[in-house]
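Residue numbers (our numbering), protein chains in the order written: chain A, 259 to 647; chain B, 34 to 219.
We put the beta carbon where it would ideally sit given N, CA and C, even for glycine.
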Amino acid sequence: MQSQTHANHWDIFCAVVDNYGDIGVTWRLAKQLAKEYGLAITLWVDDLASFAHILPKLDPKCASQNFEGVCIKRWDAPLSQEYLPGEVLIEAFACELPPEVLGKIAALHQAGDKVPVWLNLEYLSAEDWVEGCHGLPSLQRSGLKKQFYFPGFTNKTGGLICEADLLERRQMWQENKERQAYFEALGLSGIDEHDTVISLFSYETESLNALCRHWHEGERQVHLLVPIGRSLNSLGAFIDQQQALTPGSRFHHGKLTIHLLPMTDQQGYDRLLWSCDFNIVRGEDSFLRAQWAAKPFIWHIYPQEEDYHLIKLEAFMALYCHNLAPEIADAWKKLNIGFNQGEQKTLFSLWQQVDNAHLALTQHAQDWPNEALNDADLATRLVQFVKNS
Amino acid sequence: MKTAHEIRPGNVIMLDGSPWVVQKTETTRSGRNAAIVKMKLKNLLQESSTETTFKGEDKMEDIILDRLDCTYSYFADPMYVFMDAEYNQYDVEADNLGDAAAYIVDGMEEQCQVTFYEGKAISVELPTTVVREVTYTEPSARGDTSGKVMKPATIAGGATLSVADFVKTGDLIEIDTRTHEFKKRA
Chain A
259 MQSQTHANHW DIFCAVVDNY GDIGVTWRLA KQLAKEYGLA ITLWVDDLAS
309 FAHILPKLDP KCASQNFEGV CIKRWDAPLS QEYLPGEVLI EAFACELPPE
359 VLGKIAALHQ AGDKVPVWLN LEYLSAEDWV EGCHGLPSLQ RSGLKKQFYF
409 PGFTNKTGGL ICEADLLERR QMWQENKERQ AYFEALGLSG IDEHDTVISL
459 FSYETESLNA LCRHWHEGER QVHLLVPIGR SLNSLGAFID QQQALTPGSR
509 FHHGKLTIHL LPMTDQQGYD RLLWSCDFNI VRGEDSFLRA QWAAKPFIWH
559 IYPQEEDYHL IKLEAFMALY CHNLAPEIAD AWKKLNIGFN QGEQKTLFSL
609 WQQVDNAHLA LTQHAQDWPN EALNDADLAT RLVQFVKNS
Chain B
34 MKTAHEIRPG NVIMLDGSPW VVQKTETTRS GRNAAIVKMK LKNLLQESST
84 ETTFKGEDKM EDIILDRLDC TYSYFADPMY VFMDAEYNQY DVEADNLGDA
134 AAYIVDGMEE QCQVTFYEGK AISVELPTTV VREVTYTEPS ARGDTSGKVM
184 KPATIAGGAT LSVADFVKTG DLIEIDTRTH EFKKRA
């Protein structure tokens, strides 16, 4: 049986649900494990077409291909490519593993052979209960051992995805003031060095209309950088419906200019976040990257039943703001809550309060990554967790 | 078969070839409305306990053991004593009640189900909903802008849970014993 396994090999299974969130996280993790830990990683993905949006060189029709040291395989049903059990098996975000995979590890278990460390990598949350669930076993009827692995912001959780050199690269980028050159490389014209530049990657919300009206009537020139995607569905009043929505399109309204961007790879998106004065992000992956960008941000959290996402938002904000001046924290929290609730009436004044505190918020955003990372990032803790399993 | 989400304290489930009595369940929301259920389990063969986590949709074998409708009689430390319709008394270890113990109060009239394994009373399942008095909660904190304003409260029996901001000390409230969630003012 041992001959049918291979050591030093990790498999990560990812079912794409929301275009870029799940695959964004697992792709970053896979790359980091391969690059920084020399692990042989296979990333099994059930929707290569969505994946190709953030990895443009990926061929959605190719069943197996390699990028950045990671073998990417198409996860189809039934599984058409052989799974060889390795050292670790990760089901990302509670996806259901293929029966062929479960069958193989069950056979190893029954034969008394070594089975992979089997982990369910869960969603990121700042809620207290995460500490109590991180690392717990999940007893299986078959007798196989699976464990839940929870990313998180404290040292009792699984940590946060952050590449070893990321913060240093970001700092160099911002110190060298590379944003103007980057904007020009993206084909963005008319952005003055002192203009306010805001990136937007959100779900649909009426809040965007309110903010755009405010920026439109404001005193400072504001540039809103928007990739082609869901955010545009809420910008109807500010987009010329007769004009084709293509990357490079611009729409002027008073002091507001909306620029449409092409989808970019993950490195490009990081640079975009580093270059803007303020970022509006969503979900899990862009939310975390906005924190590493060390700029003020709004988190448009994935909506859940019974407004449970607001509890998750509150939990994160409590951690993020615990050593921020109360009046600034209060304004920033209210802006985030208002944005997530589709607020329109008070968003003007909330934005203004946060904008007035921009320097203090930026300083806080620069301090935050070290605090959030504690002693180690997710990949480092994950490798250690596997060693201890 | 039941999903982890449907399992309640007092149920006995079969895992890895052993029967386990569920002492405590805690359901939380993960991303995209998926649930995560944390359970405290006691192995009925080895008398050992463990904490374990499941996805809400994980299926597990719910063992049907003998059960009797009973009412709570009294507490004789460390045993809770329940009585059936024919006045037979059954002792259940406090440890085996898990979270349910926090809803046990003198004079309670709700019918509970006592579960037996090899002739021994091993656990108690509460009704899905119980009504309890709030013994303490802070006054309303109006002005919070969050959409779902909740605050902590202690109820008769000793459990603490989050209740709606309008609930006052002395109110009777309905509680879902599976999720320990406040349902409404009774």
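Counterpart residues of residue i in DSSP-defined beta bridges
i              : result
R218 (chain B) : B:I206
D91 (chain B)  : DSSP output for D91 (chain B) lists no bridge partner at all.
E151 (chain B) : Its beta-bridge partners do not exist; DSSP assigns none.
C103 (chain B) : B:C145
Q122 (chain B) : B:M116
T162 (chain B) : B:D209
I46 (chain B)  : B:W53 and B:D95
F271 (chain A) : A:W302 and A:E349
T60 (chain B)  : B:V70
S460 (chain A) : Paired residues: none, contrary to the question.
Q558 (chain A) : Per the sequence shown, residue 558 (chain A) should be read as His rather than Gln. Paired residues: A:R540.
K553 (chain A) : Note: K553 (chain A) sits in no beta bridge, so no partner.
V455 (chain A) : A:H481
Y169 (chain B) : B:T187
T604 (chain A) : Answer is none; T604 (chain A) lacks a bridge partner.
First through last residue of the alpha helix (DSSP H) which encompasses residue i
i              : result
L593 (chain A) : P584 to N598
C470 (chain A) : S465 to E475
E442 (chain A) : R437 to A443
I281 (chain A) : G279 to Y295
F309 (chain A) : L306 to I312
A502 (chain A) : Per DSSP, A502 (chain A) belongs to no alpha helix (DSSP H) and is neither H nor E.
I656 (chain A) : For chain A, the structure presents residues 259 to 647; residue 656 (chain A) sits outside this window and is missing.
R547 (chain A) : D543 to W550
Residue i burial status per 10 Å Cβ neighbour count (16 or more: buried)
i              : result
F459 (chain A) : buried
R478 (chain A) : exposed
F108 (chain B) : exposed
Q144 (chain B) : exposed
L78 (chain B)  : exposed
Y278 (chain A) : buried
M575 (chain A) : buried
T168 (chain B) : exposed
T178 (chain B) : Confidence is the limiting factor: at T178 (chain B) the pLDDT is only 46, short of 50, which leaves the residue's position unreliable, though a coordinate-based value still follows. The residue is exposed, with fewer than 16 neighbouring Cβ atoms inside 10 Å.
K331 (chain A) : buried
D128 (chain B) : exposed
G180 (chain B) : Confidence is the limiting factor: at G180 (chain B) the pLDDT is only 48, short of 50, which leaves the residue's position unreliable, though a coordinate-based value still follows. Exposed is the call here.
D304 (chain A) : buried
P374 (chain A) : buried
H622 (chain A) : buried
G541 (chain A) : buried
A369 (chain A) : exposed
Any non-hydrogen atom of the ligand SAM closer than 6 Å to residue i Cβ
i              : result
L518 (chain A) : The ligand SAM is not among the ligands present in this structure, which contains no ligands whatsoever.
Enclosing beta strand (DSSP E) for residue i [first to last residue]
i              : result
V644 (chain A) : From DSSP, V644 (chain A) is part of no beta strand (DSSP E) but of the alpha helix (DSSP H) over L636 to N646.
N628 (chain A) : That residue, N628 (chain A), is in no beta strand (DSSP E); its alpha helix (DSSP H) goes H616 to L631.
Y527 (chain A) : Note, Y527 (chain A): premise wrong, no beta strand (DSSP E); alpha helix (DSSP H) at Q524 to S533.
S195 (chain B) : T193 to A197
L130 (chain B) : Element bounds for L130 (chain B): not the beta strand (DSSP E) but the alpha helix (DSSP H), A127 to L130.
E349 (chain A) : V346 to A350
D518 (chain A) : Reading off the sequence, residue 518 (chain A) comes out as Leu, not Asp. Element bounds for L518 (chain A): L514 to L519.
I69 (chain B)  : A68 to N76
P185 (chain B) : M183 to I188
N266 (chain A) : From DSSP, N266 (chain A) is part of no beta strand (DSSP E); its letter is neither H nor E.
K331 (chain A) : V328 to R332
H481 (chain A) : V480 to P485
R508 (chain A) : R508 to H511
Q323 (chain A) : S322 to F325
query = For the segment 357–435 of chain A, which segments carrying the beta strand (DSSP E) assignment without a break, of at least 3 residues, lie completely within its bounds, in sequence order?
reply = 375–379, 395–397 and 403–407
query = When Cβ atoms are compared, which residues of the segment 63–80 of chain B fall closer than 7 Å to chain A?
reply = S63, G64, R65, N66, A67, I69 and K71
key: chain B contacts from the segment 360–381 of chain A (Cβ-Cβ distance under 8 Å)   = N378, E380 and Y381
key: Residues within the segment 346–357 of chain A neighbouring chain B, beta-carbon criterion of under 7 Å   = F351 and A352
task = Select from the segment 82–99 of chain B all residues with a C-beta closer than 8 Å to any C-beta belonging to chain A, and list them in chain order.
result = T83, E84, T85, T86, F87, K88, D91, M93 and E94
query = Of the residues that make up the segment 103–123 of chain B, which ones have a beta carbon closer than 9 Å to any beta carbon in chain A?
reply = none
request  = Closer than 7 Å, Cβ to Cβ, to anything on chain B: give me those residues from the segment 635–646 of chain A, in chain order.
outcome  = none
request  = Return the residues of the segment 270–288 of chain A that lie within a Cβ-Cβ distance of less than 8 Å from chain B, sorted by chain order.
outcome  = V275 and D276
ask   = Taking a cut of 9 Å between CB atoms, which residues from the segment 553–567 of chain A lie near chain B?
value = Y560, Q562, E563, E564, D565, Y566 and H567
query = Can you list, in chain order, the residues of the segment 476–501 of chain A whose Cβ is nearer than 7 Å to any Cβ on chain B?
reply = none
inquiry  = Short of 8 Å Cβ to Cβ, which residues in the segment 385–401 of chain A face chain B?
reply    = E385, W387, G390, C391, L394, P395, S396, L397, Q398, R399, S400 and G401
Interfacial residues, the segment 206–219 of chain B to chain A, with Cβ spacing under 8 Å = none
query = What are the residues of the segment 595–612 of chain A that lie near chain B, defined by any Cβ-Cβ distance shorter than 8 Å?
reply = I595, G596 and Q599
ask   = Using a Cβ cut-off of 9 Å, which residues of the segment 536–547 of chain A contact any Cβ in chain B, in chain order?
value = G541 and E542
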